[in-house]
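**Q** Keeping their order, the protein sequence lines are chains X and Z. Sequential numbering from 1 applies to the first sequence in UniProt numbering. Sequential numbering from 1 applies to the second sequence in UniProt numbering. For every residue, glycine included, the Cβ atom is placed at its ideal position computed from N, Cα and C.
2 protein chains.
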Amino acid sequence: MLREWKEPVRPGEEELKMRLAAAREKLAAQQLLIKEQKVPVLVLLEGWGTAGKGYCIGQIIENIDPRHFKVESMERKTGEEERKPFLYRHFTRIPEAGKFVFLDSGWMDEVVEERLHGELSEEKYAKRIESVRRFERQLTDNGYLVMKFFLHISKKEQTRRMERLTDEKDTVWRVGKKDLWQNSHYEKCMDAFSSYLKSTNMPSAPWYIVDAKSKKWTELQVLETLTQGIDIALDNRDMAVPLLQNVFPLERMPLLSEIPLDKTLDEETYRKELKHLKQRLGELHNRLYRKKVPVIIAYEGWDAAGKGGNIKRITSALDPRGYEVHPIASPEPHEKARHYLWRFWTRLPKTGHIAIFDRSWYGRVMVERLEGFCTENDWMRAYNEINEFEKELHDWGAVIIKFWVQIDKDTQLERFNERQNTPEKQWKITEEDWRNREKWDQYETAVNEMITKTSTTYAPWHILESVDKKYARIKALRIVIEELEKALD
Amino acid sequence: MLREWKEPVRPGEEELKMRLAAAREKLAAQQLLIKEQKVPVLVLLEGWGTAGKGYCIGQIIENIDPRHFKVESMERKTGEEERKPFLYRHFTRIPEAGKFVFLDSGWMDEVVEERLHGELSEEKYAKRIESVRRFERQLTDNGYLVMKFFLHISKKEQTRRMERLTDEKDTVWRVGKKDLWQNSHYEKCMDAFSSYLKSTNMPSAPWYIVDAKSKKWTELQVLETLTQGIDIALDNRDMAVPLLQNVFPLERMPLLSEIPLDKTLDEETYRKELKHLKQRLGELHNRLYRKKVPVIIAYEGWDAAGKGGNIKRITSALDPRGYEVHPIASPEPHEKARHYLWRFWTRLPKTGHIAIFDRSWYGRVMVERLEGFCTENDWMRAYNEINEFEKELHDWGAVIIKFWVQIDKDTQLERFNERQNTPEKQWKITEEDWRNREKWDQYETAVNEMITKTSTTYAPWHILESVDKKYARIKALRIVIEELEKALD
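(1) Out of curiosity, what's the CA-to-CA distance linking K198(X) and L151(X)?
(2) Beta-carbon separation of I129(Z) and A212(Z) under 7 Å?
(3) Between the alpha carbons of A337(X) and E96(X), how many angstroms are there, rounded?
(4) Closer than 9 Å between beta carbons: that is the criterion. Which residues of the region 309-335 of chain X meet it against chain Z?
(5) Within this structure, are the beta carbons of R419(Z) and I429(Z) separated by less than 7 Å?
(6) Quick test of your reading: P349(Z) and E324(Z), contact by CB under 8 Å. State the CB separation rounded to the nearest angstrom.
(7) Any idea if G229(X) is buried or exposed, counting beta-carbon neighbours within 10 angstroms, 16 or more meaning buried?
(8) Return the first residue and the last residue of the alpha helix (DSSP H) that W434(Z) is part of.
(9) Classify Q245(Z) as helix, strand or coil using the three-state DSSP reduction.
(10) What number of angstroms, rounded off, separates the C-alpha of T50(X) from the C-alpha of Y458(Z)?
(11) What are the residues in the region 31-48 of chain X lying within 7 Å of chain Z by C-beta distance?
(12) Taking CB distances under 7 Å as the criterion, tell me whether D433(Z) reaches chain X.
(13) Beta-carbon of D235(Z) versus every beta-carbon of chain X: anything under 7 Å?
(14) Taking 6 Å as the limit between beta carbons, can you name the residues of its chain near Y125(X), skipping five residues before and five after?
(15) When Cβ atoms are compared, which residues of the region 66-88 of chain Z fall closer than 7 Å to chain X?
(16) Could you name the residues of the region 88-117 of chain X whose beta carbon sits closer than 7 Å to any beta carbon of chain Z, in the order they occur along the chain?
(17) Starting from P327(Z), trace the beta strand (DSSP E) both ways and give me its first and last residue.
(18) Rounded to the nearest angstrom, how far is the Cβ of E388(X) from that of Q221(X), given a contact under 8 Å?
(19) Using only the heavy atoms of the ligand NAD, determine whether one of them is closer than 6 Å to the beta carbon of L288(X).
(20) Look at the Cβ atom of E332(Z), then the Cβ atom of H117(X), and state whether they are nearer than 7 Å.
(21) How is the beta strand (DSSP E) around Y362(X) delimited, first residue to last?
(22) Quick one: grab the DSSP three-state call for K26(X).
(23) Select from A472(Z), R67(Z) and Q412(Z) the residue whose C-alpha is nearest the C-alpha of G309(X).
(24) Quick one: measure Cβ to Cβ for V467(X) and I400(X), integer angstroms, because I've assumed they're closer than 8 Å.
(25) What is the C-beta distance between A446(X) and V293(X), in whole angstroms, given that I count them as a contact (C-beta under 8 Å)?
(26) Below 8 Å on the Cβ atoms is my contact criterion, and I expect V146(Z) with L223(Z) to pass it. Report the Cβ-Cβ distance as a whole number of Å.
(27) Enumerate, from N- to C-terminal direction, the unbroken alpha helix (DSSP H) stretches of 4 or more residues contained entirely within the region 79-137 of chain X.
(28) Please report how far the alpha carbon of W207(X) lies from the alpha carbon of L165(X), in whole angstroms.
(29) If we count the other Cβ atoms within 10 Å of its Cβ and call it buried at 16 or more, is A317(Z) buried or exposed?
(30) Which residues of chain X have a Cβ atom closer than 9 Å to the Cβ of W173(Z), listed in chain order?
(31) Is there contact here, the region 357-376 of chain Z with the region 95-110 of chain Z, by at least three beta-carbon pairs under 8 Å?
(32) Could one say the Cβ of G54(X) lies closer than 7 Å to chain Z's Cβ atoms, at least one of them?
(33) Would you verify that the beta carbon of W361(Z) is, or is not, closer than 7 Å to some beta carbon of chain X?
(34) Assuming P85(Z) and W342(Z) make a contact with CB atoms under 8 Å, what is their CB distance in whole Å?
(35) I need the straight-line Cα distance from N142(Z) to I354(Z), nearest angstrom please.
(36) Considering Cα atoms alone, identify which of G322(Z), R271(Z), D65(Z) and G47(Z) is closest to L27(Z).
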């Protein structure tokens, strides 16, 4: 894309000044609309070393109240980040509704850099591109405005700037090894940038190539494009988002009503099996820690189906230093203000660790759907978004195990009553549980649709028949062990 | 302390079993009281390598619902953590009200380890001990239950365990270099542990030395002590906390009413000075980045005093990659559930970076005091707690600059009216501002007390006379520059 790019005509000094003043004022006014209408705005500045990304961001934010924006600059990955999926450190930095995040380079820089230095095979590079495209589309589909700028300068200009910076004691540190390497491999870098720009140039988040030859001119191009983008985003806010077809292979699953619930296990077999399986799981936990395999286990199921007790049988076999249980309740304000997957991205395990989710991202297509916490378009889109999310985790190397804990309506009533009548258990039952129970049939429809549409081959659902909790616990342990064994071989 | 310690008598097998069952049940019941009464519980397990800290935690948490606890194990410092004050990674991990955090070793391990390996001079070690004592006292003073256990085993027992672990392929990784070193320097380590235990054995957070010879016996001692501790904490909840005298040297400050507000600056001098000072600040920013000096600037002041515009004049001189502005509003639920300083600990800058707080931890002794968001004892204690907090930052090497932006009541009224009558500025004025204005006199009393009690020599307040905003901006820039110059020399 860079080779075909035509340098825009720079306006005269007088015009430049006037247009700059106008654009600045416009942005200052727009920040309030953005806030009012709760649009999250992600502004990504990529480009050549010394092109002036940092300076440009510095100028732009002068027009915005500090309460409304955040600047993030991509430094080297921390040890923690190295142990998370590629998108982790990017996804966790997305803005809240009504606010701006400015990124001083981001995932483009990371991907192209790794490709240029041979750290990514062509196959892995292609996967990264897929990840990026999905990531950006998930943001724009969910109402994010994503503005991507590439600050372009010629080789000659880059050389000149580096020389000038190196001359000054206080600025010499700004010219890094990376810049030097880029300058002496300018053509090769140009090709890599171009190819990345082309592959990620999407209608909902296109690239804007900026002529970065002079500071004020750079600022003007970015400001004018940004403010236009904001205008369009505010206008289009209520337009429907197209639903994408699911593109991932699915497994055939039974409907809830087809699942026989008469399975039981006698006390003695249970005790013996439990002891034996827990020991085996403990051994596997040691091995996956050493092999650095991340494991994600999600529990969903009816209220009082026995999720808690089931989870406890898994965790009691594990070293507490190597796992974490995340009970998922309704989102807190700072979570609600971001993409609904954000609070799960921030809770991902490190490699070698196990994260167990007691309720999960599937809330989007169950409670959020039924309670109207999101629009129909939102939850319909979510099946595919969730499959994409899990694909990302799978490609990273994670073992993903999803349990639906199943009971029938009578069993639930029995257990609710028992909780209500046992003082130590009363805290486990709330008004909300009774209200949800009234919506059993609607939930059943939603769960069936969920299981059908998100049982991908790489992350299928497992049903735990839990009228006999002992049976369900042993089955869960067996499945976890089996999946870990597969992953460790 | 370890050498004087007398091994407790282990009960017989039968008694052990019974007492264990009773203690487990008790803890299971207590978790609900803890939740109801919103007590945060921090359980710290320290001790010899292979003493069984992780295993013991694993047993204990089986009695607690996963929604009510978190386990943290102290791994090696991340790059990010290396660039924060010593207490950062510990303070950020404290529990929420109503929940447990179990720490598989923590600050004791870190401090003793560094001392043993000569990374801490005796002087620095003494400072660390001071920090730890203050940290733990700040927690217990603020209603935290802090239970500290040291799991003790003999040299012989440690040798035996290490041999057994090393024999097994799956467990050999558990014996680290650290354990080996400890074992071959057992006496030296014993002395270091003892001395640490003695120096940090405080009435409100004493040490419990646990005979860790066998697993069940270890569990019993920890469980019984923990449950007793919880009982006492629940009983003592409403007891007054003693106020500590301030022990830090203070600077003499004027009362607000004594500050002349007639200072002004003409437009031309302002323009010239602004340009010159911004350039100077930009240069200093480069230098402190290279020298890795962290800078913390806190702004407090009357509504409409001009904090925002003042901050903007500072930030526009800075590289956006090197600073962050933190606008402080009322705390979110997960913040309110923790020690009031937690949300500031989590927002500290890295070394070499600048953090600007638009309102700050001083909310405790202003809005929280006046609105009754905390008890009288709480805010009276806070002066000293805040001085301690800033001392911690100062000892870490941070430059701390605190501004009080001062105007008179008439000027505020003028500016409120102007905001109300200018459409683009209306969002800046709320009902709350008017309500606060009615409490001007009460605020003035609180501010005077705050400035008097927290103007320590290492972090004094600076008054910015801001009836003429231009004057205040230039004064702020000058002070920042002067403080940075001092730190960089």
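**A** The structure says:
(1) 15 Å
(2) no
(3) 5 Å
(4) I311, K312, T315, S316, L318, D319, P320, R321, G322, Y323, E324, V325, H326, P327, A329, E332, P333 and H334
(5) yes
(6) 7 Å
(7) buried
(8) E431 to E438
(9) coil
(10) 39 Å
(11) L32
(12) no
(13) no
(14) R115
(15) P66, R67, V71, S73, T78, G79 and E80
(16) D104
(17) Y323 to P327
(18) So it is not a contact: roughly 33 Å between Cβ atoms.
(19) The model on display carries no ligand, and the ligand NAD is accordingly not part of it.
(20) no
(21) Y362(X) -> no beta strand (DSSP E), and no H or E assigned at all.
(22) helix
(23) R67(Z)
(24) Contact doesn't hold; Cβ gap of about 26 Å is too wide.
(25) With 8 Å as the limit, A446(X) and V293(X) do not qualify as a contact, their Cβ atoms being about 32 Å apart.
(26) Rounded, the Cβ-Cβ distance is 17 Å, inconsistent with contact.
(27) 79-82, 88-91 and 107-116
(28) 29 Å
(29) buried
(30) N286, Y289 and R290
(31) no
(32) yes
(33) no
(34) About 14 Å separates the two Cβ atoms, so there is no contact after all.
(35) 29 Å
(36) D65(Z)
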